[in-house]
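All remarks here apply to the structure that follows.
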Amino acid sequence: MKIRVLTGAGISAESGIPTFRGKDGLWNKYDPAELATPEAFEQNPKLVWEWYDWRRQLIAKAQPNEGHRIVAKMEELFSDFWLITQNVDGLHQRAGSKKVIELHGNIWKVRCLNCGAEYYEYTTPLPEIPPKCRECSGLLRPGVVWFGESLPVDALSKAYELSQNADVFIVVGTSALVYPAAELPLIAKREGAKLIEVNPEETPITPYADYSLREKAGEGLRKVTEML
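If you number the sequence shown the way the UniProt record's numbering does, the last residue is 228 and the count never jumps.
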């Protein structure tokens, strides 16, 4: 059985990571759309990195939750399994997931704007903001996809290919508002997959789902594994 899982911010919210659109105290006077853009970074890399450093510290303290662990367990149970995630926190990998496609990048990855070096940097808090490249001392940027940027071509084409070739497609904790990720479940459905949604609220995907569970990620995924 070919199982595909698409996860969004809702699965990490249960680990205490604020969703992008939540109210985050210290930073709630800023709209993420003002900070997570190439223009904001060009204008004020220090401010943008301070926000990312704060988010990285939150994520470093968080633990994978039941939802993350169930997804990792599914990978062990089904040989043809892939996880596609919109999340950048790396909690799926910490829970044990290996077959992961990150559509929006990874907050622990950095990329040098001068020499192009890409590597993982796990230090929190960062000793210097904005951080400098270990290869050439150039300015680093977070290895995530910002508003207005294209998704990584390899990740996106692999996600499309997997969605077209699925028996069961499970959507967990995503608002289904951000394209192109939101069309992946619809592609799978069109190609004959059973579509299962786990979300506390209805989404634009709900009318297309064969099964729609109004649950949080952990609870809903536990029920889904019993169905499979």
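Backbone N, C-alpha and C define an ideal beta-carbon position, used for all residues, glycine too.
When every heavy atom of the ligand MN is checked, does at least one fall within less than 7 Å of the C-beta of K109?
Ligands in the displayed structure: none, and consequently the ligand MN is not present.
Less than 8 Å between the beta carbons of L83 and V100, yes or no?
Taking the sequence shown and counting its residues from 1, one reaches residue 83 at position 83. Taking the sequence shown and counting its residues from 1, one reaches residue 100 at position 100. Going by C-beta atoms, L83 is nearer than 8 Å to V100.
Start-to-end residues for the beta strand (DSSP E) that takes in R141
As a working note, residue 141 is residue 141 in the sequence shown. That run of the beta strand (DSSP E) goes 140-144.
Kindly indicate which residue of W108, S175, F169 has the alpha-carbon position closest to the one of R141.
Reading the sequence shown from its first residue, position 141 is the one you call residue 141. The candidate whose alpha carbon is nearest that of R141 is W108.
I need the boundaries of the beta strand (DSSP E) containing I107, first residue and last residue.
Along the sequence shown, one-based indexing puts residue 107 at 107. Residues 105-112.
Burial state of V198 (16 or more Cβ within 10 Å)
Here residue 198 refers to the residue found at position 198 when the sequence shown is read from its first residue. So V198 counts as buried.
Can G105 and V145 be called in contact, C-beta distance under 8 Å?
Taking the sequence shown and counting its residues from 1, one reaches residue 105 at position 105. Taking the sequence shown and counting its residues from 1, one reaches residue 145 at position 145. Yes, the Cβ-Cβ distance between G105 and V145 is below 8 Å.
Can you give the beta carbon distance from I17 to I59, rounded, assuming they're within the 8 Å contact cut?
The residue labelled residue 17 in the question sits at position 17 within the sequence shown. The residue labelled residue 59 in the question sits at position 59 within the sequence shown. Contact flag correct, Cβ pair sits at about 6 Å.
In the structure shown, what three-state DSSP assignment does E121 receive?
If you number the sequence shown from 1, residue 121 lands on position 121. In this structure, E121 counts as coil in the three-state DSSP scheme.
Let me check one thing: in DSSP terms, what residues is I196 bridge-paired to?
Position 196 of the sequence shown, counted from the start, is the residue given in the question as residue 196. Its beta-bridge partners are I170, Y211.
Proximity to I11 [Cα-Cα], best of G192, E226, E202, S175:
As a working mapping, residue 11 is identified with position 11 in the sequence shown. Nearest of G192, E226, E202, S175 to I11, Cα basis: S175.
One question on the structure: do P45 and L126 come within less than 8 Å of each other, judged by their Cβ atoms?
In the sequence shown, the residue the question calls residue 45 occupies position 45. In the sequence shown, the residue the question calls residue 126 occupies position 126. Against a cut-off of 8 Å, the Cβ pair of L126 and P45 comes out as no contact.
Beta-carbon separation (whole angstroms), T124 vs Q57, contact threshold 8 Å:
Within the sequence shown, residue 124 is the residue found at index 124, counting from 1. Within the sequence shown, residue 57 is the residue found at index 57, counting from 1. With 8 Å as the limit, T124 and Q57 qualify as a contact, their Cβ atoms being about 5 Å apart.
Buried or exposed: residue 256, going by 16 or more other Cβ atoms within 10 Å of its Cβ?
Coverage of the chain is limited to positions 1 through 228, which leaves residue 256 absent and any answer about it impossible.
Pick out whichever of Y179, V171, K194, L186 has its Cα sitting closest to the Cα of E215.
Numbered from 1 along the sequence shown, position 215 holds the residue referred to as residue 215. Answer by Cα proximity: V171.
If we require 3 or more residues per run, which beta strand (DSSP E) segments fall completely within the stretch 43-114?
80-85, 100-102, 105-112
My output table needs one value for V224: the three-state DSSP class, helix, strand or coil.
Residue numbering aside, residue 224 sits at position 224 when the sequence shown is read from its first letter. Helix, per DSSP.
C-alpha gap between F169 and V5, whole angstroms
The residue you call residue 169 lines up with position 169 of the sequence shown. The residue you call residue 5 lines up with position 5 of the sequence shown. Near 6 Å, if we compare the C-alpha coordinates of V5 and F169.
Coil, strand or helix - V5 by DSSP
One-based indexing of the sequence shown puts residue 5 at position 5. Three-state DSSP puts V5 in a strand.
Apart from the five residues on each side of it in sequence, which residues of its chain come closer than 8 Å, Cβ to Cβ, to T37?
Start at 1 with the first residue of the sequence shown, and residue 37 comes out as number 37. Answer for T37: W146, F147, G148, listed in chain order.
CB of Q93 within 8 Å of CB of G8, strictly
By 1-based counting over the sequence shown, the position of residue 93 is 93. By 1-based counting over the sequence shown, the position of residue 8 is 8. Contact flag unset, no.
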